[in-house]
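Asks:
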Amino acid sequence: MPVNVLVAALLLVAGARLGLTRSELGLCRDRIRAGLRLGGLVGLGAAGVLAVGAALPVTRPLFDDARTAGIGFGLLAYRGLVRIPLGTALLEEVAFRGVLFAGWRRISSSMVAAFGSSVVFGLWHVRPAIDLLVENDVAADGWPRLAAVGGAVAGTALAGLGFCWLRLRSGSLLAPFVAHAAINSLATVAAFIA
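When you read off a place in the sequence shown, starting at 1, and then add 49, the result is the number in the working numbering.
1) Considering only the beta carbon of each residue, do F150 and R216 sit closer than 9 Å?
2) For S72, would you say it is in contact with chain D, using Cβ-to-Cβ distances shorter than 9 Å as the test?
3) Check whether the region 231 to 242 and the region 98 to 110 touch, using three or more Cβ-Cβ pairs below 8 Å as the test.
4) Tell me the DSSP secondary structure of H229 in three-state form.
5) Could you tell me whether the Cβ atoms of F170 and F226 are closer together than 9 Å?
6) Over the uninterrupted alpha helix (DSSP H) stretch that includes E73, give me the two end residues.
7) Taking L223 as the reference, which of V62, L67, G92 and R66 has the closest Cα?
8) Tell me whether the beta-carbon of C77 lies closer than 9 Å to the beta-carbon of R86.
9) Just curious, the alpha helix (DSSP H) that M160 is in, first and last residue?
10) Can you tell me the Cα-Cα spacing of I133 and L235, whole angstroms?
11) Alpha carbons only, please: which of V143, L172, L90 and I81 is nearest the one belonging to L74?
12) Report yes if the C-beta distance between V148 and L60 is below 9 Å; otherwise report no.
13) Only counting the same chain, and skipping five residues up and downstream in sequence, which positions put a Cβ closer than 8 Å to that of N53?
14) Measure from the alpha carbon of R82 to the alpha carbon of each residue in L207, G94, P110 and G220, then state which is nearest.
15) Should A231 be labelled buried (16 or more other beta-carbon atoms within 10 Å of its own) or exposed?
16) Between H174, T108, L195 and G129, which lies nearest to T117 when the distance is taken from Cα to Cα?
17) Mark T108 as exposed unless 16 or more other C-beta atoms lie within 10 angstroms of its C-beta, in which case mark it buried.
18) Suppose the cutoff is 8 Å on Cβ atoms and the five residues either side in sequence are ignored; what does the same chain contact list for L210 look like?
19) Should G200 be labelled buried (16 or more other beta-carbon atoms within 10 Å of its own) or exposed?
What follows is the structure, encoded as structure tokens:
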């Protein structure tokens, strides 16, 4: 996790050295409140959806995740409050909705930047998708696994578009960061409970 925080900081330094402004990166102080508000609202909505999904017998199996089996409350709290926000969401938001989005937006439109950075975000999740399938013994080798990984990449790219919308709507990188951290952390809690 410290490496991810360091990489996020280095990406911001690289973006600044390339001439990206705080505004382009979504780091203006005057947009903090808007980012927290919008990201928090999305996080609350995700909490409701995840709670219902984990509670319903028909959808509960979707939350089965071997990575949460047998972990204690302490490790769950660490993952949800520290590892996911600082080790995953921070790096990914700085990289994909911060530096990459801002750089792409400079040479094209907001829409092209959103689609481009979201496709790269989806592709970034190929390895984690494979690891998740193997860990949970979900899809056999071959076409079923390829289809499952493709679906995960497409779903993650769509999530990336949503995070870009939050970034543009709020003018702050905090909105997608808060939403991303909340969704992933709450999904981990839902898997733990289910």
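Here a beta-carbon is modelled for each residue, glycine too, at the ideal position from N, C-alpha and C.
Replies: According to the data block:
1) Against the sequence shown, residue 150 aligns to sequence position 101. Against the sequence shown, residue 216 aligns to sequence position 167. Yes, Cβ-Cβ distance for F150 and R216 is below 9 Å.
2) Note that chain D does not occur in the displayed structure, where there is just one protein chain.
3) yes
4) By one-based count along the sequence shown, residue 229 stands at place 180. Of the three classes helix, strand and coil, the one that applies to H229 here is helix, per DSSP.
5) Counting from 1 along the sequence shown, the entry for residue 170 is found at position 121. Counting from 1 along the sequence shown, the entry for residue 226 is found at position 177. Taking 9 Å as the Cβ cut-off, F170 and F226 do not qualify as a contacting pair.
6) Position 24 of the sequence shown, counted from the start, is the residue given in the question as residue 73. Run containing E73: R71 to L74, per the alpha helix (DSSP H) assignment.
7) The residue you call residue 223 lines up with position 174 of the sequence shown. Out of V62, L67, G92 and R66, G92 has the C-alpha closest to the C-alpha of L223.
8) Locating residue 77 in the sequence shown gives position 28, where the first residue counts as 1. Locating residue 86 in the sequence shown gives position 37, where the first residue counts as 1. No, these two residues do not count as a Cβ contact at 9 Å.
9) Stepping through the sequence shown from its first residue, residue 160 is reached at position 111. Counting along the chain, the alpha helix (DSSP H) containing M160 begins and ends at S159 to W173.
10) The count along the sequence shown starts at 1 and reaches residue 133 at position 84. The count along the sequence shown starts at 1 and reaches residue 235 at position 186. Roughly 10 Å between the two C-alpha positions.
11) By one-based count along the sequence shown, residue 74 stands at place 25. Among V143, L172, L90 and I81, the Cα nearest to that of L74 is on V143.
12) As a position in the sequence shown, residue 148 is number 99, starting the count at 1. As a position in the sequence shown, residue 60 is number 11, starting the count at 1. Yes. Within cutoff.
13) Counting from 1 along the sequence shown, the entry for residue 53 is found at position 4. L135, G136, T137, L139 and L140, listed in sequence order.
14) Here the question's residue 82 lines up with position 33 in the sequence shown. Of L207, G94, P110 and G220, the residue nearest in Cα terms is G220.
15) In the sequence shown, counting from the first residue as 1, residue 231 sits at position 182. Buried, by the Cβ-count rule.
16) Within the sequence shown, residue 117 is the residue found at index 68, counting from 1. Looking at the Cα atoms, G129 is the closest of the given residues.
17) Reading the sequence shown from its first residue, position 59 is the one you call residue 108. Exposed, by the Cβ-count rule.
18) Here residue 210 refers to the residue found at position 161 of the sequence shown. Only A163, F164 and S167 meet the Cβ criterion.
19) Taking the first residue of the sequence shown as 1, we reach residue 200 at position 151. Result: exposed.
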